[in-house]
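**Q** Numbering-wise (the UniProt record's numbering), the sequence shown opens with residue 1 and increments by one. Have a look at the structure that comes next, please.
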Amino acid sequence: MENIIKTALITGASKGIGKAIATGLAEMGCQTILIGRNVNDLKNVKKEITAKGFDDPALFELDITDSKKVKETIAEVLKQFSRIDILVNNAGIHFNGTLELPEPDFKKMLDTNLTAQFVMLQEVVPVMKTQKSGYIFNVASRSAKVGFAGSGAYCASKFGLLGLSESLYRELTPQGIKVTALCPAWVDTNMAQEAGTPLQPEEMIHPDDLFKTIRWLLELSPGACVKEVVITNLKSL
């Protein structure tokens, strides 16, 4: 990463993968912008980051499914920081089930895992086009690559995000904006436990592994671009 302060916006930053990525990017010297639904959880992340001596993160309480609020939040981010160099599209939810899943739950998952990501990209990509630079990380899932039995609805939402990410990879890379989809298998988070992971914590991917992947991608030479990264569990290949 170039030796200048980068502005990094992370959704779903209050816990799990988002928290690990936010903390890691702050350690790299980024001005982090933390977005999440629970402001108290965000404040706890902020405390942990500042306690380590890193730059004070900006906090925005936001339900990313509220398109109007998303637009207002990005406008406020630009007012405060003028630019967005890194976007980590991480927020998401999970419900088990395929056709037995109630339609409202299916729609809620699509709204959160796909439509909200689309709206966020609609707001941030024009900023990066003006800058002629930027890096977008779309946190998908191994469920964006494999249709797992008993998880068809979630897979549908993540397959959609992966398709959107690949299209943007092809559209935006020639304009100086890199796009990478991250597709991890089971990650040691509360969401994995609630989804019924068969793996023990030590057998799962650690949230910090996602940050380490992002750090590696940011440190690649300007001419290198990576469409997607799939991270699997050793015990669940």
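All residues carry an ideal CB built from backbone N, CA and C; glycine is no exception. The model shown is predicted, which means the values in this text are computed figures rather than measured ones.
DSSP three-state label for Leu101, please.
**A** DSSP places Leu101 in coil when its eight states are reduced to three.
**Q** Using a 10 Å radius around the Cβ and a threshold of 16 neighbouring Cβ atoms, would you call Gln122 buried or exposed?
**A** Its Cβ having fewer than 16 others within 10 Å, Gln122 is exposed.
**Q** Look up Ser141 in the DSSP assignment and say whether it is helix, strand or coil.
**A** If DSSP states are grouped into helix, strand and coil, Ser141 belongs with coil.
**Q** I'd like to check one pair, Phe211 with Ala153: are the Cβ atoms closer than 9 Å?
**A** No, Cβ-Cβ distance for Ala153 and Phe211 is not below 9 Å.
**Q** Output yes or no for whether 9 Å exceeds the beta carbon distance between Leu199 and Asn233.
**A** Cβ atoms of Leu199 and Asn233: closer than 9 Å.
**Q** Can you tell me whether Thr23 is buried or exposed? The criterion is at least 16 other CB atoms within 10 Å of its CB, across all chains shown.
**A** Per the 10 Å Cβ criterion, buried.
**Q** Would a C-beta distance cut-off of 9 Å place Ser167 and Glu228 closer than the cut-off?
**A** Their beta carbons are not under 9 Å apart, which means Ser167 does not touch Glu228 by this criterion.
**Q** Relative to the C-alpha of Lys46, which candidate in Thr65, Leu161 and Ala26 has its C-alpha closest?
**A** The option with the nearest alpha carbon to Lys46 is Ala26.
**Q** From the DSSP output, read off the bridge partner residues of Gln31.
**A** According to DSSP, which records beta bridges pairwise, Gln31 is partnered with Thr7.
**Q** Going by the beta-carbon positions, is the gap between Pro207 and Gly16 smaller than 9 Å?
**A** For Pro207 and Gly16, yes; Cβs fall inside 9 Å.
**Q** Taking contact to mean 3 or more Cβ pairs, one atom from each stretch, closer than 8 Å, check whether the segment 132 to 144 and the segment 72 to 92 are in contact.
**A** Result yes; three or more Cβ-Cβ pairs closer than 8 Å.
**Q** Using a 10 Å radius around the Cβ and a threshold of 16 neighbouring Cβ atoms, would you call Ala8 buried or exposed?
**A** The residue in question, Ala8, is buried, as its Cβ has 16 or more Cβ neighbours within 10 Å.
**Q** From the DSSP output, in three-state form, read off Glu219 for me.
**A** Looking at Glu219 - three-state DSSP - the assignment turns out to be coil, as it is neither helix nor strand.
**Q** How many whole angstroms separate the CB atoms of Arg215 and Met28, which I take to be in contact at a CB cut-off of 8 Å?
**A** 7 Å between Cβ atoms; contact.
**Q** Please determine if the segment 75 to 84 and the segment 93 to 104 are in contact, where contact requires at least 3 C-beta pairs separated by less than 8 Å.
**A** The answer is no - the segment 93 to 104 does not touch the segment 75 to 84, with fewer than three Cβ pairs under 8 Å.
**Q** Please tell me whether Val125 and Ile177 are closer than 9 Å, where the distance is taken between their beta carbons.
**A** A contact, by the Cβ cut-off of 9 Å.
**Q** Under 6 Å Cβ to Cβ from Ala195, same chain only, skipping five residues before and after it: list those, please.
**A** Here the set comprises His94.
**Q** Check whether the Cβ atoms of Gln31 and Lys52 sit closer than 9 Å, and answer yes or no.
**A** No, these two residues do not count as a Cβ contact at 9 Å.
**Q** Please list, in chain order, all residues of the same chain as Asn38 whose beta carbon is under 8 Å from its beta carbon, the five residues on each side excluded.
**A** Ser14 and Glu61.
**Q** Leaving aside the five residues before and after Val226 along the sequence, list all residues of the same chain whose C-beta is less than 7 Å from its C-beta, in chain order.
**A** The residues are Thr180 and Leu217.
**Q** Taking DSSP as the reference, what is the three-state secondary structure of Asn38?
**A** If DSSP states are grouped into helix, strand and coil, Asn38 belongs with coil.
**Q** Which first and last residues belong to the alpha helix (DSSP H) in which Lys129 is found?
**A** Start and end: Ala116 to Gln131.
**Q** According to the neighbour-count rule (16 or more other Cβ atoms, all chains shown, within 10 Å of its Cβ), is Thr173 buried or exposed?
**A** Exposed is the call here.
**Q** To the nearest angstrom, how far is it from the Cα of Glu103 to the Cα of Asp111?
**A** Cα-Cα distance, rounded: 12 Å.
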